[in-house]
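Contents: one structure, followed by commentary.
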Amino acid sequence: MAFVDRDGVRIYYEVRGTGPTVVSIPGLGCSVAIAKWIGYDTSLPGRRLILVDPRGHGRSDKPRDPTAHRIEEYRDDIRAVLDAQGVETAVLWGFSDGSEIACAFAAAYPNRITALIDHDGMEPVDLCDPPGSEERRAAARAVRAQREHLLAPIEAAEQYATPPALRELFEHEDPEMVALQLESWTRWKGPASVLPRVRTPMLILANSLRERGGVDRLRNLPGGPTEVHSIPETGHLRLCFELPLTLPLIREFVARTQPKGSGAAA
Numbered sequence: 232m233a234f235v236d237r238d239g240v241r242i243y244y245e246v247r248g249t250g251p252t253v254v255s256i257p258g259l260g261c262s263v264a265i266a267k268w269i270g271y272d273t274s275l276p277g278r279r280l281i282l283v284d285p286r287g288h289g290r291s292d293k294p295r296d297p298t299a300h301r302i303e304e305y306r307d308d309i310r311a312v313l314d315a316q317g318v319e320t321a322v323l324w325g326f327s328d329g330s331e332i333a334c335a336f337a338a339a340y341p342n343r344i345t346a347l348i349d350h351d352g353m354e355p356v357d358l359c360d361p362p363g364s365e366e367r368r369a370a371a372r373a374v375r376a377q378r379e380h381l382l383a384p385i386e387a388a389e390q391y392a393t394p395p396a397l398r399e400l401f402e403h404e405d406p407e408m409v410a411l412q413l414e415s416w417t418r419w420k421g422p423a424s425v426l427p428r429v430r431t432p433m434l435i436l437a438n439s440l441r442e443r444g445g446v447d448r449l450r451n452l453p454g455g456p457t458e459v460h461s462i463p464e465t466g467h468l469r470l471c472f473e474l475p476l477t478l479p480l481i482r483e484f485v486a487r488t489q490p491k492g493s494g495a496a497a
């Protein structure tokens, strides 16, 4: 367990195992505690896994200034963690909105990343454009008005029951931090504009409720080699919360793109 201070904001992270480095980046309203409950911390034997609490989440600081929640700040927090650990290169594994952070990092610091895993978070449009921008602002208003985490409408739409212990961990998160992240990221020109600059191998794991056209657009975006899998009989929550559904694909991809001995300390 450790913290790194970047421009006055402390970022919490944990390190598990040894070997080439993989960085786990949780999504909106998620934390290291949630990732560990799901099983991310023990998912990659033979790898050094760094689990990060994004700013505003878990044990990381919770700045109230909206400018502190631009995606560039989340992106550079990951770089600060890698620097603090002396890690030169790593695989980035983002789930849900964590994939957007990984994408922004890959575009800005291509020499620091060997591969990118998108766990059902990447969209083929830019977050600053409708309908994505409108949906995020509306979700931020709903969070503030109802003091309700975003799990409820997703559960209803997907007819998925989040385990009570996991739901309780989500409910510990600060609703205002969720709202600020939703709003501030609508100023980001990406991922559709960013992905063509990402030259590292990418694994995209998509739930089966997503429109086929959107998944195909991700597959056909220019950039590095992209491997896309639509996981049958899944919605967003089941795909993110039930790790055994995707773990064989993830382990094979990591082994292929990050041979043992890579990602050594600088």
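Going from the sequence shown to the working numbering is simple: count from 1 and add 231. For every residue, glycine included, the Cβ atom is placed at its ideal position computed from N, Cα and C.
Asked	Found
Nearest candidate by alpha-carbon position, reference L478, set P456, L436, G329	L436
Among A396, K293, A333, the one whose alpha carbon lies nearest that of V425	A333
For Y244, the three-state DSSP class (helix, strand or coil)	strand
CB-CB length for Y340 against R310, believed under 8 Å	6 Å
CB contact flag (T488, V235, <8 Å)	no
C500 versus A370 - alpha carbon distance	For residue 500 there is no data in the structure shown, the boundaries of the chain being 232 and 497.
Per-residue DSSP class, three states only, for W419	coil
Beta-carbon proximity of K267 to M408, cut-off 8 Å	no
Buried versus exposed, by CB contacts within 10 Å (16 or more), G287	buried
Distance between D357 and P422 (C-alpha atoms, nearest Å)	5 Å
Same chain, Cβ closer than 7 Å to R448, five either side skipped, listed in chain order	P355
Per-residue burial, A346 [other beta carbons within 10 Å of its own, 16 or more giving buried]	buried
Residues near L411 by beta carbon distance below 6 Å, same chain, minus five either side	P297, H300
Residues bridged to W324 [DSSP beta-bridge criterion]	S255, I348
CB of S291 within 8 Å of CB of R247, strictly	no
Rounded separation between T320 and P384 - CA only	38 Å
C-beta atoms of L280 and S255 nearer than 8 Å	yes
Cut-off 6 Å between Cβ atoms - residues of its own chain near G277, not counting five sequence neighbours on either side	G250
Short Cβ contact (8 Å threshold) for F484 with L434	yes
Neighbour-count burial assignment, E245, 16 or more Cβ in a 10 Å radius	buried
Per-residue DSSP class, three states only, for R175	The shown model of the chain, from 232 to 497, leaves out residue 175, and the question about it has no answer.
Simplified DSSP assignment, three categories, for H460	strand
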